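Colleague:
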Amino acid sequence: MTAKEAHITVQDLTMAYGDFVLMRDLTFTINRGDIFIIMGGSGCGKSTMMTILIGLKAPAKGRVLYGEVDFWGADQPTRDRIIRRAGVMYQSGALWSSMTLAENIALPLETYTDLSPSQIREVVKLKLALVGMAGFEEFYPSEISGGMQKRAGIARAMALDPEVLFFDEPSAGLDPVSARRLDDLILELRESLGTTMVIVTHELASIFAIGSNSVFLDVSKRTMTATGNPNQLLAETHDPNLRLFLTRGEQS
Amino acid sequence: MTARGEMIMEEPSADTLKVILSGDWKLGGELPGAGKVQQRLDGRPGVRNLVFDTRELASWDSGLLTFLMNLGTLCSRQKILFNRDGLPPGAQRLLALALAVPEKKDARQAEGRVSFLASLGNQTVYLFQSAGEMLEFIGDAVVAILRLLHGKAQYRRSDLGLIMQAVSAQALPIVSLICFLVGLILAFIGAIQLKLFGAQIYVADLVGIAMVRLMAAIMTGIVMAGRTGGAFAAQLGTMQVNQEIDALKTLGISPMEFLVLPRILALAVMMPLLCLYANIMGILRGMVVGVGMLNIGFIEYYNETAKAIGLWNLGIGLFSGFVFGVIVALAGCMRGMQCGRSASAVGDAATSAVVTAIVGIILSTAVITILCNFLGI
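Those protein sequences? They're chains A and B, same order as listed.
For the first sequence, the numbering used here assigns the number 1 to the initial residue and increments by one for each residue that follows.
For the second sequence, the numbering used here assigns the number 1001 to the initial residue and increments by one for each residue that follows.
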């Protein structure tokens, strides 16, 4: 195995809302090309973790390193530059509802590239085709189903060919087949583009199918209790909480 | 045929209480409460076991379960063994399920009662915080406008066009109606007083100056606060709920420039035009009253109005309109951007946007009036 290069490093991180501490002492590394799962029970702070990684909420304590750069220690322009290399798919898709899908995907391209309108149209077409939604360019987000909104959200997140893609509960609210297709899409994008994927989820099927690395946030202990490949964790762990989580509550 | 839920208690031995349930134990009927069991237990401190006999029980639903849950808490408090064996198997399983996860006691929602002084202090702190947030928002808006002047702001021209249309052409009917009526009211009130002195012709001055200098701008401002300010807050609030604003931020697009700036621009440009239109509507209505009821000649009325209004009055009116437009847009956008992540938060944001805008309009009217007085215009 080749030595892995750290992409995002989290050190001694504490997440808090006011004086309510959600999680403390979080330290883990996301390597380049990982499909990294942030998992844990409901209310453990998975989504909050993601908002910290993508620059929406400052941590109470600790550091987040993108490569060598201290993300939250840097000034706003540096943070903007770093996060521009990341794409985010929000839980509900969060497509801009006043714009068509094509306009949604075109906006980042118009903002950050010098492409001509016809080139942008081609890129938009390609991204939509990649998520299996060719021909939906002129639809508004309210006119398509929830699963389609999520996929369109991925297309928008991929618009600028990001180095890292964040997914907030990608398969929540999807039927099993669509969820599976989404997993395949994530795997395929990682294989072909080498994008680092960070996925917040508690869907066991996805976790074992695509996760290559993970961190488990234990809500009862208010800290992380394990990190590593989820399949390996299942085989080796002695922590009853993690075992309960990974086996869907079945006693072994 | 349904039988009422009944309960009989007996003691087969000194340390056991047997609860015999019969009939239909369903929600909505008159069911015996756990209090009766407690009374019985209070009378017999020696009881250590609680058992059930449900052979006569016809049917049951949550009504039985809530009763049993209450008994369960009662028993654990008094250290009495709660024996579930006599219960229907389904009820046993549901009880086990309900008690599987212990009640969460350290949830942070638990807030004790706050004393009057403490809540007064909290309110004061909150007031200062919200004043700070307001200043910060206005500062951000000014920065966005400066970037616009340098040609660096990111927004979509098509959005600006759509918003302009929504805040101008589509607002014409309601503005017409309100200002038409305000002109009418002013003319009538003036006519009654001025008739006493035989000075009906000055109705033209009264309506003209009042409308042009002040009333048209205020009425349009208040209409727009309700119509557009609330809409802005609801739009941005829903975008906040739907994480659309987060999506803009993570793309490095400033919501201030992309969403707030076009709205401020649209209202700042369109409000003076709406005011001008409202002026005409108000004066027209005054003219209807003057010419139709007070027998003032049409030309006479027109000349008197034209003489009375003057450029300064018109300028002050339009300037007020501009200021109110900016206030309505700022209030709407600010409340929308501060919106929480729930449906009721969107409602609160819309309400608070209208209130903030109207308070702002009244305050700035006072300031403009005092300033004009000072400057002698």
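For each residue, glycine too, the CB sits at the ideal point set by N, CA and C.
Quantities reported herein were computed from a predicted structural model and do not represent experimental measurements.
Please name the residue or residues paired with M197 (chain A) in a DSSP beta bridge.
Modeller: For this step, residue 197 (chain A) is matched to residue 197 along the first sequence. The partner list for M197 (chain A) (beta bridge, DSSP) reads A:I35 and A:L165.
Colleague: Looking at chain A, which residues of the segment 1233 to 1260 of chain B have a Cβ within less than 7 Å of any of its Cβ atoms?
Modeller: Answer set for the segment 1233 to 1260 of chain B: N1242, Q1243, E1244, D1246, A1247, K1249, T1250, L1251, G1252 and I1253.
Colleague: Contact check, M151 (chain A) vs V131 (chain A) under 8 Å by CB: the rounded distance?
Modeller: By one-based count along the first sequence, residue 151 (chain A) stands at place 151. By one-based count along the first sequence, residue 131 (chain A) stands at place 131. Going by the sequence as given, residue 151 (chain A) is Arg instead of Met. About 4 Å separates the two Cβ atoms, so the contact holds.
Colleague: Does DSSP classify F1082 (chain B) as helix, strand or coil?
Modeller: As a working note, residue 1082 (chain B) is residue 82 in the second sequence. Correct three-state label for F1082 (chain B): strand.
Colleague: Helix, strand or coil for M1007 (chain B), going by three-state DSSP, please let me know.
Modeller: Here residue 1007 (chain B) corresponds to residue number 7 of the second sequence, with the count starting at 1. Here M1007 (chain B) sits in strand by DSSP.
Colleague: Can you tell me whether S1254 (chain B) is buried or exposed? The criterion is at least 16 other CB atoms within 10 Å of its CB, across all chains shown.
Modeller: Within the second sequence, residue 1254 (chain B) is the residue found at index 254, counting from 1. Flag for S1254 (chain B) reads buried.
Colleague: Alpha carbon to alpha carbon, what distance is there between V1047 (chain B) and L1081 (chain B)?
Modeller: Working through the second sequence from its first residue, we reach residue 1081 (chain B) at position 81. Working through the second sequence from its first residue, we reach residue 1047 (chain B) at position 47. Those two C-alpha atoms are separated by around 9 Å.
Colleague: CB-CB under 8 Å to M1 (chain A), same chain, minus the five flanking residues each way: which ones, in chain order?
Modeller: Taking the first sequence and counting its residues from 1, the one referred to as residue 1 (chain A) is at position 1. For M1 (chain A), the pLDDT reaches just 41, beneath the cut-off of 50, and the residue's location in the model is therefore unreliable, although a value from the coordinates is still provided. Cβ neighbours of M1 (chain A) beyond the five flanking positions: none.
Colleague: Decide if I1362 (chain B) is buried, meaning its Cβ has at least 16 other Cβ atoms within 10 Å, or exposed.
Modeller: Your numbering for residue 1362 (chain B) matches position 362 in the second sequence. So I1362 (chain B) ends up on the exposed side.
Colleague: Would you kindly check if the distance between the Cβ of M1281 (chain B) and the Cβ of G1325 (chain B) is under 9 Å?
Modeller: Translated into positions along the second sequence, residue 1325 (chain B) becomes position 325. Translated into positions along the second sequence, residue 1281 (chain B) becomes position 281. Their beta carbons are not under 9 Å apart, which means G1325 (chain B) does not touch M1281 (chain B) by this criterion.
Colleague: Contact between the segment 14 to 23 of chain A and the segment 183 to 198 of chain A is defined here as three or more beta-carbon pairs at a separation below 8 Å; is this criterion met?
Modeller: The segment 14 to 23 of chain A is not in contact with the segment 183 to 198 of chain A.
Colleague: For the segment 3 to 60 of chain A, which segments carrying the alpha helix (DSSP H) assignment without a break, of at least 4 residues, lie completely within its bounds, in sequence order?
Modeller: Fully enclosed alpha helix (DSSP H) runs of 4 or longer: 46 to 53.
Colleague: Compare the C-beta of S97 (chain A) with all C-beta atoms of chain B and state if any pair is closer than 9 Å.
Modeller: Numbered from 1 along the first sequence, position 97 holds the residue referred to as residue 97 (chain A). Chain B contact via Cβ: present.
Colleague: Roughly how many angstroms lie between the CA atoms of Q149 (chain A) and I54 (chain A), to the nearest whole one?
Modeller: Within the first sequence, the letter at position 149 stands for residue 149 (chain A). Within the first sequence, the letter at position 54 stands for residue 54 (chain A). Q149 (chain A) and I54 (chain A): Cα-Cα distance of roughly 21 Å.
Colleague: Rounded to the nearest angstrom, what separates L1259 (chain B) and I1218 (chain B) at their Cα positions?
Modeller: In the second sequence, residue 1259 (chain B) corresponds to position 259, counting from 1. In the second sequence, residue 1218 (chain B) corresponds to position 218, counting from 1. L1259 (chain B) and I1218 (chain B): Cα-Cα distance of roughly 26 Å.
Colleague: Is the Cβ of Q1154 (chain B) closer than 9 Å to any Cβ of chain A?
Modeller: If you number the second sequence from 1, residue 1154 (chain B) lands on position 154. Answer yes: the Cβ-Cβ gap between Q1154 (chain B) and chain A drops below 9 Å somewhere.
Colleague: DSSP on M1 (chain A), reduced to helix/strand/coil?
Modeller: As a working mapping, residue 1 (chain A) is identified with position 1 in the first sequence. Legend: pLDDT at M1 (chain A) = 41, less than 50; position of this residue unreliable, no value from coordinates given.
Colleague: Per DSSP, which residues does F216 (chain A) bridge with? Please list them.
Modeller: The residue given as residue 216 (chain A) occupies position 216 in the first sequence. DSSP, once it has assigned bridges, lists A:M39 and A:A226 as partnering F216 (chain A).
Colleague: Against I54 (chain A), what residues of chain B qualify as contacts under a CB-to-CB distance less than 9 Å, listed in chain order?
Modeller: In the first sequence, counting from the first residue as 1, residue 54 (chain A) sits at position 54. Ordered by position in chain B, the residues that pass the 9 Å Cβ test against I54 (chain A) are D1246, K1249 and T1250.
Colleague: Anything in chain B within Cβ reach of Y90 (chain A), meaning under 7 Å, just list it in chain order.
Modeller: In the first sequence, the residue the question calls residue 90 (chain A) occupies position 90. Those within 7 Å of Y90 (chain A) in chain B are Q1243, D1246 and A1247.
Colleague: Verify whether the separation of the beta carbon atoms of G1297 (chain B) and A1331 (chain B) is less than 9 Å.
Modeller: Translated into the one-based positions of the second sequence, residue 1297 (chain B) becomes position 297. Translated into the one-based positions of the second sequence, residue 1331 (chain B) becomes position 331. No.
Colleague: Does any C-beta atom of chain A lie closer than 9 Å to the C-beta of D1159 (chain B)?
Modeller: Your numbering for residue 1159 (chain B) matches position 159 in the second sequence. Yes, because at least one Cβ of chain A sits closer than 9 Å to the Cβ of D1159 (chain B).
Colleague: Short of 7 Å Cβ to Cβ, which residues in the segment 105 to 133 of chain A face chain B?
Modeller: Under the 7 Å Cβ criterion, the segment 105 to 133 of chain A contributes P108 and T111.
Colleague: What is the rounded straight-line gap between the Cα of N1279 (chain B) and the Cα of A16 (chain A)?
Modeller: Along the second sequence, one-based indexing puts residue 1279 (chain B) at 279. Along the first sequence, one-based indexing puts residue 16 (chain A) at 16. Computed Cα separation, rounded: 55 Å.
Colleague: Less than 9 Å between the C-beta atoms of Y66 (chain A) and L101 (chain A), yes or no?
Modeller: Here residue 66 (chain A) corresponds to residue number 66 of the first sequence, with the count starting at 1. Here residue 101 (chain A) corresponds to residue number 101 of the first sequence, with the count starting at 1. Contact: no.
Colleague: How far does the beta strand (DSSP E) with N1049 (chain B) in it extend, from its first residue to its last?
Modeller: Translated into positions along the second sequence, residue 1049 (chain B) becomes position 49. Taken as a continuous stretch (DSSP letters only), the beta strand (DSSP E) holding N1049 (chain B) covers N1049 to W1060.
Colleague: Buried or exposed: where does P162 (chain A) fall if 16 or more other Cβ atoms within 10 Å of its Cβ makes it buried?
Modeller: The residue given as residue 162 (chain A) occupies position 162 in the first sequence. That one is buried.
Colleague: Here's a check: name, in chain order, each residue in its chain whose Cβ is nearer than 6 Å to the Cβ of A1353 (chain B), leaving out the five neighbours to either side.
Modeller: By one-based count along the second sequence, residue 1353 (chain B) stands at place 353. Result list for A1353 (chain B): G1229, G1230, A1233, A1331, G1332 and R1335, in chain order.
Colleague: Taking 8 Å as the cut-off, does the segment 241 to 249 of chain A touch the segment 205 to 221 of chain A (at least 3 CB pairs, one atom from each stretch)?
Modeller: Yes, they touch.
Colleague: Report, in whole angstroms, the separation of the C-beta atoms of P108 (chain A) and L1251 (chain B), which I expect to be a contact under 8 Å.
Modeller: Along the first sequence, one-based indexing puts residue 108 (chain A) at 108. Along the second sequence, one-based indexing puts residue 1251 (chain B) at 251. Going by Cβ atoms, the distance from P108 (chain A) to L1251 (chain B) rounds to 5 Å, so yes, they are a contact pair.
Colleague: Less than 7 Å between C-beta atoms, sequence neighbours within five positions excluded: which residues of the same chain meet that for S1168 (chain B)?
Modeller: As a position in the second sequence, residue 1168 (chain B) is number 168, starting the count at 1. Excluding positions up to five away in sequence, the list reads M1270, L1273 and L1274.
Colleague: I need the straight-line Cα distance from W1025 (chain B) to G1033 (chain B), nearest angstrom please.
Modeller: Position 25 of the second sequence, counting from 1, holds the residue named residue 1025 (chain B). Position 33 of the second sequence, counting from 1, holds the residue named residue 1033 (chain B). The straight-line gap from Cα to Cα measures roughly 11 Å.
Colleague: Contact defined as beta carbons within less than 8 Å: I believe V1182 (chain B) pairs with A1191 (chain B). What is the distance between those atoms, to the nearest angstrom?
Modeller: As a working mapping, residue 1182 (chain B) is identified with position 182 in the second sequence. As a working mapping, residue 1191 (chain B) is identified with position 191 in the second sequence. The pair is not a contact, with the Cβ atoms about 15 Å apart (cut-off 8 Å).
Colleague: Note down, in chain order, each residue of its chain lying with its Cβ closer than 8 Å to the Cβ of D1015 (chain B), except the 5 sequence neighbours on either side.
Modeller: Position 15 of the second sequence, counting from 1, holds the residue named residue 1015 (chain B). If we look at D1015 (chain B) and ignore the five residues flanking it on each side, its Cβ neighbours are G1046, V1047, R1048 and N1049.
Colleague: Roughly how many whole angstroms lie between the Cα atoms of Y1301 (chain B) and I1245 (chain B)?
Modeller: One-based indexing of the second sequence puts residue 1301 (chain B) at position 301. One-based indexing of the second sequence puts residue 1245 (chain B) at position 245. Roughly 54 Å between the two C-alpha positions.
Colleague: Count the other CB atoms within 10 Å of the CB of G18 (chain A); is the residue buried (16 or more) or exposed (fewer)?
Modeller: Against the first sequence, residue 18 (chain A) aligns to sequence position 18. Its Cβ having fewer than 16 others within 10 Å, G18 (chain A) is exposed.
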